[in-house]
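For reference, the structure discussed in these notes is given below.
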Amino acid sequence: MIIDERMAAFIDSLDRGNTAFLDGIEKEALENQIPIVRKSTQSLLKFLLAARQPRQILEVGTAVGFSALLMCEYGPEGCHVTTIEKYGKRIPVAKENFRRAGRENQIALLEGDAADILPELTGSFDMIFMDAAKGQYIRFLPDSLRLLAPGGFLVSDNVLQDGDVTESRFAVDRRNRTIHARMREYLYELKHHPLLETVVLPVGDGVTVSIKKEA
Numbered sequence: 001m002i003i004d005e006r007m008a009a010f011i012d013s014l015d016r017g018n019t020a021f022l023d024g025i026e027k028e029a030l031e032n033q034i035p036i037v038r039k040s041t042q043s044l045l046k047f048l049l050a051a052r053q054p055r056q057i058l059e060v061g062t063a064v065g066f067s068a069l070l071m072c073e074y075g076p077e078g079c080h081v082t083t084i085e086k087y088g089k090r091i092p093v094a095k096e097n098f099r100r101a102g103r104e105n106q107i108a109l110l111e112g113d114a115a116d117i118l119p120e121l122t123g124s125f126d127m128i129f130m131d132a133a134k135g136q137y138i139r140f141l142p143d144s145l146r147l148l149a150p151g152g153f154l155v156s157d158n159v160l161q162d163g164d165v166t167e168s169r170f171a172v173d174r175r176n177r178t179i180h181a182r183m184r185e186y187l188y189e190l191k192h193h194p195l196l197e198t199v200v201l202p203v204g205d206g207v208t209v210s211i212k213k214e215a
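Residues 1 to 215 in our numbering are what the sequence shown spells out, letter by letter.
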């Protein structure tokens, strides 16, 4: 936990919740140990969706489709989500969840590695939600910036690694050192990029919200 567990539980207890359908998907995911966005991150997403009203949304990392459906539910009427997933076992589950929700025409699921798909995408997006392999965020950033509309916002989840990002690389398990270094590089780039204004929030496992400046 990056904030006090009691405080986090109290804040989460104030949330008014989601639809029964979303609650069901969340319950199934947690029972099957599939990571989905935490309650506090869900609240932040709903706030941003209400405040900014994005029409075109790109998500990097679908999992079972919970966050894509959340963004459809709480985004503006008629918004469209393009989501990317490479893990073969999760793709059919996500597709079935989209079908059950009646959102098949509102969500486009692109199958494959985002490193291959992002360079091929064209057009622009009002919001990009980054929720994939943390060590790849820095690799995805150039195309994310290219695809993000001026005034659009990039939301990146799980950026503080349960607090490990603050530690020296020698205090981190050897197997996690590459991810640790890349995440620190990503955070630095978000805070110093001339096209972005970024805030780092201790929400969930750490979230950044970056606004692309108008030209």
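Every residue gets a Cβ at the ideal spot worked out from N, C-alpha and C, and that includes glycine.
Linking M127 to G151 through their CA atoms gives a straight-line distance of about 9 Å. Residue state for V37 is assigned as coil, using DSSP reduced to three classes. For the pair D113 and D131, the CB atoms are not nearer than the 8 Å cut-off.
In the structure shown, D116 adopts helical secondary structure according to DSSP, grouped into three states.
Taking the Cβ atoms as the reference, L30 lies roughly 12 Å from V37, outside the contact range of under 8 Å.
Restricting attention to beta strand (DSSP E) runs no shorter than 3 residues, the segment 56-129 encloses them at 56-60, 80-85 and 107-111, ordered along the chain.
Using a C-beta cut-off of 8 Å, the segment 12-26 makes no contact with the segment 130-146, since fewer than three inter-stretch Cβ pairs fall below that distance. Under DSSP, the beta-bridge partners assigned to D157 are V207. Counting C-beta pairs closer than 8 Å gives three or more between the segment 72-86 and the segment 54-61, which meets the contact rule.
L141 and G206 do not touch by the CB rule: their CB atoms are close to 16 Å apart, not below 8 Å. In this structure G65 is buried. Its beta-carbon is surrounded by 16 or more other beta-carbon atoms within 10 angstroms. Out of L22, G123, P54 and L154, the CA that lies nearest to the CA of F129 is found in L154.
DSSP places G152 within a strand segment (E or B) once states are collapsed to three.
According to the DSSP secondary-structure assignment, T198 is paired through a beta bridge with S210.
Of A8, T19, R90 and L48, the smallest CA-CA separation from Q33 is found for R90. Per DSSP, the continuous alpha helix (DSSP H) segment holding I138 begins and ends at Y137 to L147. Annotation for P54: D126 and M127 place their beta carbon closer than 6 Å to its own, counting only its chain and skipping 5 residues before and after.
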